[in-house]
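One structure is given here, and the rest of the page talks about it.
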Ligand code: F6R
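In UniProt numbering, the protein residues as written are 260 to 639.
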């Protein structure tokens, strides 16, 4: 039931605030951020066996499409926060060119449907490779992250995290992406806490911000729904759109481009902003706008100068950025609240989803059932 929404996709975008509130209530409820915080209290509760954490020296993640983009952010968090070397693979590539087997590796398969053929086959192949070893590699365990407790993935792995986003009907993944991101935040906090890879105060700062996320999302989704509806007509005559991000927001640029391609059929590419001068800058002109994520943090000034380079090529630049002195650089603005860089992908994805939604609606397209796509890709 779509309720009062025009499409399932829009309903599912709006549901994200509630999904975040449920997640915070379930996993961070015990976190006491005040002065009464005790050393022994855990900031995050996840129902996962110790086996998943103990002795793990590296992580490899297998996924496709939007799930892979969530995994790239997961890898960023796991490396930068928890200090664990993490690689993300296209499941379809991993199947035919897996890296050499190493001990003490956690393999994570991420699939919202739990049915994606390539992801299941890549995981199965990894399980077979491990079984075939005469000396079983210690601590090599597998974890599944899915939205579907009834799925094939659930039967294939011994450790699972459910993202509890509720069934997603729109073909374009939105709320399950947010659910996957939250799961990675939880996993990162759990690893970081066990390993003391960063200070308690850093962890607490992230937890405090996560607790505020539902409030930010509620406000942002409503505001950007209107803003993006108004912006959509600016994309009538574009030849393509370039999405730029850096650091933890680079995968959000990839996701913005994927969403736009999927439902509006506009050619779109996502790049790490610093890579633009190595080729993609040749694409830019007044008919190829740039959507740029510029979040204060370690690469903010770099992204701003990348946007200036784009403007110098007469491209229109749309900024997903907090309001500040740099705002005047942008031709159009999708403002976001100023939160830490760490939390920012959970907010910057919202304008990406709503922009592609409204552009597709403006073009009169069937956003819930885009051409050539299926909700579960159960063939290779
Ligand atoms: C994008 C989209 C696809 C899926 C991909 C993987 O909106 O829906 O790119 O993300 O097919 O699907 P799951 O997560 O079910 O493995």
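All C-beta atoms, glycine included, are put in the ideal place defined by N, C-alpha and C.
Beta bridge pairing from DSSP links residue 418 with 402.
Residue state for residue 585 is assigned as helix, using DSSP reduced to three classes.
The alpha-carbon separation between residue 579 and residue 568 amounts to approximately 17 Å. The C-beta separation of residue 396 from residue 360 comes to about 6 Å, placing the pair in contact by the 8 Å criterion. The residue from 448, 418, 508, 626 with its alpha-carbon nearest to that of residue 461 is 448.
When 603, 370, 408, 371 are compared, the shortest CA-CA separation from residue 511 is found for 603. Annotation for residue 445: 286, 303, 305 place their beta carbon closer than 7 Å to its own, counting only its chain and skipping 5 residues before and after.
Going by DSSP, residue 502 is part of no alpha helix (DSSP H) but of the beta strand (DSSP E) stretching over 500-504. When 419, 634, 335, 382 are compared, the shortest CA-CA separation from residue 356 is found for 382.
Between residue 508 and residue 552, the gap from beta carbon to beta carbon is short of 8 Å. A distance below 8 Å between beta-carbons, with the five flanking residues on each side excluded, links residue 362 to the following residues of its chain, in chain order: 316, 396, 397, 398, 399.
Remark: C-beta atoms of residue 372 and residue 423 do not approach each other more closely than 8 Å. Going by DSSP, residue 335 is part of the alpha helix (DSSP H) stretching over 324-339. Relative to the ligand F6R, the beta carbon of residue 411 is positioned no closer than 7 Å to any heavy atom.
In the DSSP annotation of this structure, the continuous segment of the alpha helix (DSSP H) that includes residue 564 starts and ends at 559-571. Runs of the beta strand (DSSP E) lying entirely within the stretch 418-451 and spanning at least 3 residues, in chain order: 418-421. Taken atom to atom, the span from the alpha-carbon of residue 519 to that of residue 442 is near 25 Å. Out of 548, 301, 500, the CA that lies nearest to the CA of residue 525 is found in 500. Looking at the DSSP output, residue 349 bridges to 322. C-alpha of residue 369 to C-alpha of residue 347: approximately 10 Å in a straight line.
Taking 7 Å as the cut-off, the C-beta of residue 324 counts as close to a heavy atom of the ligand F6R.
Relative to the non-hydrogen atoms of the ligand F6R, the Cβ of residue 370 comes within a distance shorter than 7 Å of at least one.
No residue range can be given for residue 315, since it is assigned to no beta strand (DSSP E) and is classified by DSSP as neither H nor E. Counting other Cβ atoms within 10 Å of its Cβ, residue 629 reaches 16 or more and is therefore classed as buried. Distance between residue 607 and residue 595, taken at the CA atoms: about 7 Å.
For residue 385, the enclosing alpha helix (DSSP H) stretches over residues 376-390.
Under the 10 Å beta carbon count, residue 260 is surrounded by fewer than 16 other beta carbons and is classified as exposed. Under the three-state reduction of DSSP output, residue 525 falls in the coil class, being neither helix nor strand. By the Cβ-count criterion, residue 308 is exposed, with fewer than 16 other Cβ atoms from all chains shown falling within 10 Å of its own Cβ. Nearest neighbour of residue 601 by Cα position, chosen from 300, 282, 313, 334, turns out to be 334. Buried is the label assigned to residue 565, since at least 16 other Cβ atoms lie within 10 Å of its Cβ.
In chain order, 373, 403, 405, 407, 419 place their CB closer than 8 Å to the CB of residue 413, counting only its own chain and leaving out the 5 sequence neighbours on each side. Scanning 452, 634, 536 for the CA closest to the CA of residue 300 turns up 452. DSSP places residue 475 in the helix class (H, G or I) of the three-state scheme.
In terms of CA proximity to residue 472, 609 leads the group 609, 313, 555. Shortest gap from the CB of residue 635 to any heavy atom of the ligand F6R: under 7 Å.
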